[in-house]
Structures are given as C-alpha cells and as structure tokens.
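Enquirer: One structure is given below, represented as structure tokens, and several questions about it will come after.
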Amino acid sequence: MDRAVTDCAEGRPQGIDAILELEGPRLLGLARRILIRHDLAEEALQDAMVMVWRKAAQQRQADGSARGWIYAILRNRCLTILRDGARLSSLSPDELTRMQEARQELVSDDDWKLLAGKGRLGECLDALDDPARRAILLAHVAGYSHGEISARQGVPLGTAKSWIRRGLASLRECLS
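Residue numbers (the numbering used here): 33 to 208.
Right, here's the structure in full:
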C-alpha cells in the first residue's frame with residue numbers, strides 16, 4: 033500500500049489502480065455501511081481517491097500507515113456526505129426511516145476484523161475492553177456522534193466520550 037501511495041505522490045496513475053485493486057471492495061463496503069445508498073458510496077469512494085491522489089505527497093512525509101490514512105479520508109468524506117442534508121431531501125420519510133434502521137445494524141465486531149485484518153491493529157483492537165472497542169467502532173466506522181453513541185449504549189455522554197478517548201489512547205500506545 034505504501035508503494036501505491038508513493039506512486040500517487042509521484043504522479044503515476046498506477047498508484048490509484050493498485051489501491052483500488054488491493055482495497056477497492058473493502059473501501060466501497062465501508063462507504064456503503066456508512067451511507068447505505070450505493071450511489072453515494074461510489075461518489076464518496078471516487079472523491080476519496082481524488083483526495084488521495086492530490087495529497088499523497090503529504091502522507092508520505094507523515095507518520096502512520098498509508099492504509100489507515102486512505103480509510104480515514106474515505107470515512108471523513110462519507111461523514112461529510114451524511115451531513116449534507118440536501119442529498120437526502122429527495123427521499124421519502126419511509127426511505128429515511130429505513131436508512132436509519134439499516135444504519136443501526138451496520139456495526140459489528142466483524143467490521144473491526146475486516147478493517148484491521150490479522151495485523152497489529154487487529155491485535156490492539158482485541159486488547160480493548162468491549163465498551164471502548166464498540167464506542168470507537170460506532171464513532172470511527174459508522175460515523176455516529178458522541179451523543180448518538182451515548183444514547184445507543186444507554187450511558188451518559190461523558191462515559192461514551194471517555195470510552196472513546198481512553199480507547200484511542202490505548203490504541204496509540206499499543207501501535208507505537
């Protein structure tokens with residue numbers, strides 16, 4: 033993956049091809065889990081790949097994995113699309129309700145395994161306690177706000193925020 037990002041940074045289109053070949057189905061799957069609608073997921077993936085192409089040189093200079101950087105770009109693009117209410121205004125109330133119900137079901141521990149693989153990130157995620165792992169998954173994979181996580185888990189807002197903050201700190205420590 034690092035080689036593909038280097039190719040993008042140096043202006044070689046085969047970098048994007050390699051990223052899509054290696055991670056394309058998983059990237060599209062993540063976008064679909066967050067956005068529900070396939071057309072919006074494809075749009076988010078395309079926008080994310082354009083951003084990867086444009087900012088690859090910056091990532092090469094930064095610390096962190098290329099794969100994590102690409103997934104973060106896609107996730108952020110998906111969240112931006114979700115926040116854009118105009119895109120959803122053409123949907124009927126029943127369709128909006130169905131999308132929200134589908135979103136409620138999209139997060140599982142299997143999502144972590146899919147994203148993390150069997151590498152170091154997977155080991156570090158497995159080391160987290162269940163509430164912290166679940167809160168991080170809801171926030172960073174499904175795009176839930178802290179308030180939504182609090183309501184969904186039936187805990188005070190401060191507790192949900194603490195789970196996320198401590199869980200991310202543990203992940204950083206484990207990965208360093």
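Each residue gets a CB set at the ideal place from its N, CA and C atoms; glycine is no exception.
Can you find the residues in the same chain that come closer than 8 angstroms, C-beta to C-beta, to ALA159, ignoring five residues on each side of it along the sequence?
Expert: SER202, CYS206
Enquirer: Out of ILE66, LEU106, SER177, state which residue places its alpha-carbon closest to the alpha-carbon of VAL82.
Expert: For VAL82, the nearest C-alpha among the options comes from LEU106.
Enquirer: Short of 6 angstroms in beta carbon distance, which residues of its chain neighbour ALA80, apart from the five on each side in sequence? Order them along the chain.
Expert: ILE105, LEU106, ARG109
Enquirer: What are the boundary residues of the alpha helix (DSSP H) that GLU155 is part of?
Expert: 152-159
Enquirer: Using the Cβ count rule (16 or more neighbours within 10 Å means buried), how would you classify ARG35?
Expert: ARG35 is exposed by the Cβ-count criterion.
Enquirer: Following the continuous alpha helix (DSSP H) through SER194, name the residue where it begins and the one where it ends.
Expert: DSSP places SER194 in the uninterrupted alpha helix (DSSP H) bounded by 189-207.
Enquirer: Between LEU67 and ILE113, which are expected to be in contact by the criterion C-beta below 8 angstroms, what is the C-beta distance as a whole number of angstroms?
Expert: 6 angstroms
Enquirer: Using only CA atoms, which one of ARG86, SER97, ALA89, LEU59 lies nearest to GLU75?
Expert: LEU59
Enquirer: Pull up the CB-CB distance for CYS40 and TRP85, whole angstroms please, since I reckon it's below 8 angstroms.
Expert: 5 angstroms
Enquirer: LEU200 to ALA192, Cα distance in whole Å?
Expert: 12 angstroms
Enquirer: Look up ALA171 in the DSSP assignment and say whether it is helix, strand or coil.
Expert: helix
Enquirer: Let me know if GLY43 comes out buried or exposed under the rule of 16 or more other beta-carbons within 10 Å of its beta-carbon.
Expert: Label assigned to GLY43: exposed.
Enquirer: Within the same chain, show all residues whose beta-carbon is closer than 7 angstroms to that of TRP195, passing over the 5 residues directly before and after it, in chain order.
Expert: If the five residues before and after TRP195 are omitted, its C-beta is found closer than 7 angstroms to the C-beta atoms of PRO163, ALA164, ALA167, all from its own chain and listed in chain order.
Enquirer: Secondary structure at SER177, three-state DSSP: helix, strand or coil?
Expert: coil
Enquirer: Name the two residues that bound the continuous alpha helix (DSSP H) containing GLU55.
Expert: Note, GLU55: alpha helix (DSSP H), 46-67.
Enquirer: Among residues of its own chain, excluding the 5 on either side of GLY56, which ones have a beta-carbon nearer than 6 angstroms to its beta-carbon?
Expert: none
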